[in-house]
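Chemist:
And the structure:
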């Protein structure tokens, strides 16, 4: 449920495991379920709210980090990007700016992608994968990222968790 009280279904949230993301902050999360008995008979629809029916909030420390990045107009994140094979994760820096984003490969000191935001840019989080996401560029290129193993923030910047 959004701030204005409208109900909005979460695309892809059809499994028993759902990972709360930043998109859920300031909303009420509820689960709709139709129970079934051992004979396959359906019961009445049941709705149960998460978080004791309180809005999902952002951790104060994380919110402070977000506010700092917003005031700076830039955020740098240490990540791994999948390159040419399923085992070839390359250390990189994901740079988010007000107008666009950039991915810099650490070892090669090379810019992998640098583009402005557009309606076509998407972030997808695979179900059950809390340390992975896929950035879909404006040209439709899928860039898989992984944050597992990233533990220390780079100087003043933060890692993605």
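In UniProt numbering, the protein residues as written are 1 to 161. No residue lacks a Cβ here, since even glycine has one placed at the ideal position from N, Cα and C.
For the alpha helix (DSSP H) that contains residue 72, what are its first and last residues?
Modeler: If you number the chain shown from 1, residue 72 lands on position 72. Note, residue 72: alpha helix (DSSP H), 60 to 72.
Chemist: Are residue 78 and residue 93 close, meaning C-beta to C-beta below 8 Å?
Modeler: Walking along the chain shown from the start, residue 78 turns up at place 78. Walking along the chain shown from the start, residue 93 turns up at place 93. Yes.
Chemist: Give me, in chain order, the residues of the same chain whose beta-carbon lies closer than 6 Å to that of residue 75; leave out the 5 immediate sequence neighbours on both sides.
Modeler: On the chain shown, position 75 is the one that residue 75 refers to. Answer for residue 75: 69 and 96, listed in chain order.
Chemist: DSSP three-state label for residue 23, please.
Modeler: What you label residue 23 is simply residue 23 of the chain shown in a count that begins at 1. Reduced to three states, the DSSP call for residue 23 is helix.
Chemist: Report yes if the CB atom of residue 82 is closer than 8 Å to the CB atom of residue 51, and no otherwise.
Modeler: Here residue 82 refers to the residue found at position 82 when the chain shown is read from its first residue. Here residue 51 refers to the residue found at position 51 when the chain shown is read from its first residue. No; because the gap between Cβ atoms is not below 8 Å, this pair is not in contact.
Chemist: Relative to the alpha-carbon of residue 62, which residue among 136, 22, 116 and 112 has its alpha-carbon at the smallest distance?
Modeler: In the chain shown, residue 62 corresponds to position 62, counting from 1. If we check each option's Cα against that of residue 62, 22 comes out closest.
Chemist: Please classify residue 20 as buried or exposed, where buried requires at least 16 neighbouring CB atoms within 10 angstroms.
Modeler: Here residue 20 refers to the residue found at position 20 when the chain shown is read from its first residue. Result: exposed.
Chemist: Since residue 30 is in the beta strand (DSSP E), which residue starts that stretch and which ends it?
Modeler: Here residue 30 corresponds to residue number 30 of the chain shown, with the count starting at 1. Per DSSP, residue 30 belongs to the beta strand (DSSP E) from 30 to 33.
Chemist: Pop quiz: residue 90 and residue 80 are said to be a contact at Cβ under 8 Å. What is the actual Cβ separation, rounded to whole angstroms?
Modeler: In the chain shown, the residue the question calls residue 90 occupies position 90. In the chain shown, the residue the question calls residue 80 occupies position 80. With a Cβ gap of about 7 Å, residue 90 and residue 80 count as contacting.
Chemist: Under the three-state reduction of DSSP, which class applies to residue 54: helix, strand or coil?
Modeler: Residue mapping note: residue 54 aligns to position 54 of the chain shown, counting from 1. It is coil, neither helix nor strand.
Chemist: DSSP state of residue 156, grouped into three classes?
Modeler: Walking along the chain shown from the start, residue 156 turns up at place 156. Low confidence applies to residue 156: its pLDDT is 41, below 50, so where it sits in the model is not reliable enough to give any reading.
Chemist: With DSSP run on the structure shown, which of helix, strand or coil describes residue 84?
Modeler: Here residue 84 is taken as the residue at index 84 of the chain shown, counted from 1. In this structure, residue 84 counts as coil in the three-state DSSP scheme.
Chemist: My output table needs one value for residue 8: the three-state DSSP class, helix, strand or coil.
Modeler: Counting from 1 along the chain shown, the entry for residue 8 is found at position 8. If DSSP states are grouped into helix, strand and coil, residue 8 belongs with coil.
Chemist: Answer yes or no: do residue 33 and residue 25 have a C-beta to C-beta separation smaller than 8 Å?
Modeler: Locating residue 33 in the chain shown gives position 33, where the first residue counts as 1. Locating residue 25 in the chain shown gives position 25, where the first residue counts as 1. Their beta carbons are not under 8 Å apart, which means residue 33 does not touch residue 25 by this criterion.
Chemist: Specify, as a first and last residue, the run of the beta strand (DSSP E) that residue 47 falls within.
Modeler: Taking the chain shown and counting its residues from 1, one reaches residue 47 at position 47. Looking at the DSSP string, the run of the beta strand (DSSP E) that includes residue 47 is 46 to 49.
Chemist: Nearest by alpha-carbon distance to residue 127: which of 11, 103 and 4 is it?
Modeler: By one-based count along the chain shown, residue 127 stands at place 127. Checking every option, the nearest Cα to that of residue 127 belongs to 11.
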